[in-house]
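J.: In my numbering, the protein residues as written are 1208 to 1629. The structure that follows is given in the form of structure tokens.
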Amino acid sequence: MAQVGHEVRVFDIDAAKLAMLARGIPPFYEPGFQELLQSTLASGRLLFTESPKEAIEGAQLHFVCVGTPQQQGADAADLSYVEAAFQAVVEHADRPGLVVGKSTVPVGTAERLSNSLSRPDKVCELEVAWNPEFLREGSAIADTLKPDRLVFGVTSESAEGLLVEVYNEILEGGIPYITTDLATSEMVKVAANSFLATKISFINAMAEICEVAGADVVTLSRALGYDERIGARFLHAGLGFGGGCLPKDIRAFSARAGELGAADAVSFLREIDKINLRRRERLVSLVGSAFSGDFLGRHIAVLGAAFKPNSDDVRDSPALNVAAAMHLKGASVRVHDPQAISNAKKMFPTLTYCESIEDACRDADLVVLATEWSDYRVIDPKEFSEIVRRPVLVDGRNALDHSLWTQAGWKVYALGRGKLNR
Ligand code: UGA
1208 MAQVGHEVRV FDIDAAKLAM LARGIPPFYE PGFQELLQST LASGRLLFTE SPKEAIEGAQ
1268 LHFVCVGTPQ QQGADAADLS YVEAAFQAVV EHADRPGLVV GKSTVPVGTA ERLSNSLSRP
1328 DKVCELEVAW NPEFLREGSA IADTLKPDRL VFGVTSESAE GLLVEVYNEI LEGGIPYITT
1388 DLATSEMVKV AANSFLATKI SFINAMAEIC EVAGADVVTL SRALGYDERI GARFLHAGLG
1448 FGGGCLPKDI RAFSARAGEL GAADAVSFLR EIDKINLRRR ERLVSLVGSA FSGDFLGRHI
1508 AVLGAAFKPN SDDVRDSPAL NVAAAMHLKG ASVRVHDPQA ISNAKKMFPT LTYCESIEDA
1568 CRDADLVVLA TEWSDYRVID PKEFSEIVRR PVLVDGRNAL DHSLWTQAGW KVYALGRGKL
1628 NR
């Protein structure tokens, strides 16, 4: 928002993060973010403050961008952060304004919050709009400044006008926008993530069949992807989806559909979740088959800890999940990641972490590719065959050139590659 010319004041309850951001240091890894942060700070249009009052007073629009994680012990979303942020706006707003939710919420939340905004003691009308966020980690900046579309859930023409004005510079680039009601705008986000999760699990279900039928999921996916009605994107078979969004969003959507009495409509999402989690088990069993079932005392190198490349996010990371599972089975597991090691250590302190790919692979009985960072695509399999104890590779992301690896003397296993694994 500061980049497209607005005056922005940011409040967060995490003072340490605010302090880093104010110094131009991102508290997480995101390509290009540090440069953008520093240039917008230098413009003077971006301010980080520990005072919600300072952030909220005088503003025309209040963007609520807090997380909606999965509730402990339940599938539904935890809305306490969204509710607290709305409360802060109600408490400190000193003029009429628009409260714009960007968080992913169960359908019906915006209307409910709308009813909680009135404040009898003050002449200060606040209106709610919903403007779901579609950015992906790892390409967040391009997704924000050049999104595929913008969605404005509003209850008045003036709210739509304000949002169009705020996004003017982005919309001028020819980006389409859709104006709709609050409920539809909330649904767009969860439906989009459900569709993406379904596409990934669909190809991973095909991978399961390929494994038993001796067929090849990578070729299958390529051939399917040329059909424009299907499309090649998000049809990459491997360890499946993780992160702070797709897994919890499909669960929260199922939970909300149940509350609305429509659980059957999205009961397939439970299957999508199960297919996804089965990929992790399958990878561990592939590794087990390479060891004749005996993990004890084996040295395994796991390349990748983040839930996807170009991110240091390890929330529900398939890579760390399989690393921990193999560790539990008695293997000695060494994990490498170009960016996510410090986050991974906090979540799984008992695993061993290495700063270099070579250190992770030294004397390994088997190497697992678990997150497809470009750093791993350029590994020279010949050189690495001399570092490891046994040249055995399990490609959990179908990301490497297997012919190069086999030519260099490696035994290669991969998910969904029937013939390869025989
Ligand atoms: C996802 C959506 O793609 C965004 O549009 C959305 O804004 C975001 O969630 C959110 O709700 O905030 P993100 O979680 O950053 O974005 O990452 P994705 O690119 O969707 O990848 C999710 C997972 O699916 C990763 O673990 C990735 O490795 C996996 N994946 C992706 C596959 O296994 N196969 C594929 O073909 C594509």
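Ideal Cβ positions, reconstructed from N, Cα and C, are used throughout, including at glycine. Predicted, not measured: the structure shown is a model, and the values here were computed from it.
Any idea what DSSP makes of C1568, helix, strand or coil?
T.: helix
J.: Considering only heavy atoms of the ligand UGA, does any lie closer than 7 Å to the CB of G1504?
T.: Shortest gap from the CB of G1504 to any heavy atom of the ligand UGA: 7 Å or more.
J.: Under 8 Å, do I1385 and V1358 count as touching if we go by C-beta distance?
T.: yes
J.: Compute every distance between the C-beta of I1407 and the non-hydrogen atoms of the ligand UGA, then say whether any falls below 7 Å.
T.: For the ligand UGA, at least one heavy atom lies less than 7 Å from the Cβ of I1407.
J.: What residues are listed by DSSP as bridge partners for H1506?
T.: S1539
J.: Rounded to a whole number of angstroms, what is the C-alpha to C-alpha distance between D1602 and T1391?
T.: 40 Å
J.: Can you grab the Cα-Cα spacing for the pair G1315 / E1593, in whole Å?
T.: 59 Å
J.: Following a CB-centred definition, is G1465 positioned closer than 7 Å to any heavy atom of the ligand UGA?
T.: No, the beta carbon of G1465 sits no closer than 7 Å to any heavy atom of the ligand UGA.
J.: Do you know whose CA, among S1539, R1624, P1454, W1337, lies nearest A1420's CA?
T.: R1624
J.: Going by DSSP, what residue range makes up the beta strand (DSSP E) through T1559?
T.: For T1559, the uninterrupted beta strand (DSSP E) run begins and ends at 1559-1561, by DSSP.
J.: How close, in whole Å, do the beta carbons of E1257 and A1209 come, if the pair is a contact with beta carbons under 8 Å?
T.: Going by Cβ atoms, the distance from E1257 to A1209 rounds to 18 Å, so no, they are not a contact pair.
J.: Alpha carbon to alpha carbon, how far is D1570 from L1490?
T.: 21 Å
J.: Return the residue from the list N1528, F1502, L1503 that minimises the CA-CA distance to A1512.
T.: N1528
J.: Let's test the definition: count the other Cβ atoms within 10 Å of the Cβ of A1281 and tell me whether it reaches 16, buried, or not, exposed.
T.: exposed
J.: With a cut-off of 8 Å, do at least 3 Cβ pairs link the segment 1556-1573 to the segment 1582-1600?
T.: yes
J.: May I ask you to check if the CB of G1537 is nearer than 7 Å to at least one heavy atom of the ligand UGA?
T.: Not so, every heavy atom of the ligand UGA lies at least 7 Å from the Cβ.
J.: Measure the Cβ-Cβ separation of T1578 and R1541 and say whether it is below 8 Å.
T.: no
J.: Keeping to the same chain, check which residues put their C-beta closer than 7 Å to that of D1350; ignore five residues upstream and five downstream.
T.: F1341, L1342, R1343
J.: Report yes if the CB atom of L1576 is closer than 8 Å to the CB atom of L1611, and no otherwise.
T.: No, the pair does not count as a contact, with Cβ atoms beyond the cut-off.
J.: For the alpha helix (DSSP H) containing I1410, name the first residue and the last one.
T.: 1389-1420
J.: For Q1241, which of R1252, L1228, L1253, R1463 has the nearest alpha-carbon?
T.: L1228
J.: What do you get for D1471, buried or exposed, if any count of 16 or more other CB atoms within 10 angstroms of its CB means buried?
T.: exposed
J.: Please go through the segment 1423-1508 and give each complete alpha helix (DSSP H) segment of 4 or more residues, from N-terminal end onward.
T.: 1424-1432, 1453-1466, 1475-1497
J.: Using only the alpha-carbon positions, how far apart do K1553 and D1520 sit?
T.: 12 Å
J.: At a cut of 8 Å, does the segment 1531-1548 reach the segment 1294-1314 through at least three beta carbon pairs?
T.: no
J.: Indicate, with yes or no, if the ligand UGA has a heavy atom lying under 7 Å from the CB of E1344.
T.: yes
J.: Per the DSSP calculation, Y1288 is bridged to which residue(s)?
T.: Per DSSP, Y1288 has no beta-bridge partner at all.
J.: Taking its Cβ as the centre, do 16 or more other Cβ atoms sit within 10 Å of F1498, making it buried, or is it exposed?
T.: buried
J.: By DSSP's criteria, D1602 is part of a beta bridge. Which residues make up the other side?
T.: Answer is L1576, A1621, bridged to D1602.
J.: With distances taken from CA atoms, which of L1243, R1216, A1291 is nearest S1323?
T.: If we check each option's Cα against that of S1323, A1291 comes out closest.
J.: In or out: N1375 buried (at least 16 other Cβ within 10 Å) or exposed?
T.: exposed
J.: Run through DSSP, which three-state label would I1594 get?
T.: coil
J.: Cutting at 6 Å between CB atoms, please list the residues of its own chain near R1597, excluding the five before and the five after it.
T.: In chain order, D1572 place their CB closer than 6 Å to the CB of R1597, counting only its own chain and leaving out the 5 sequence neighbours on each side.
J.: Along the chain, where does the beta strand (DSSP E) that runs through F1235 open and close?
T.: Counting along the chain, F1235 falls outside any beta strand (DSSP E), and DSSP gives it neither H nor E.
J.: In chain order, what residues of the same chain have a beta carbon less than 6 Å from the beta carbon of S1518, not counting five sequence neighbours either side?
T.: The residues are E1344, G1345.
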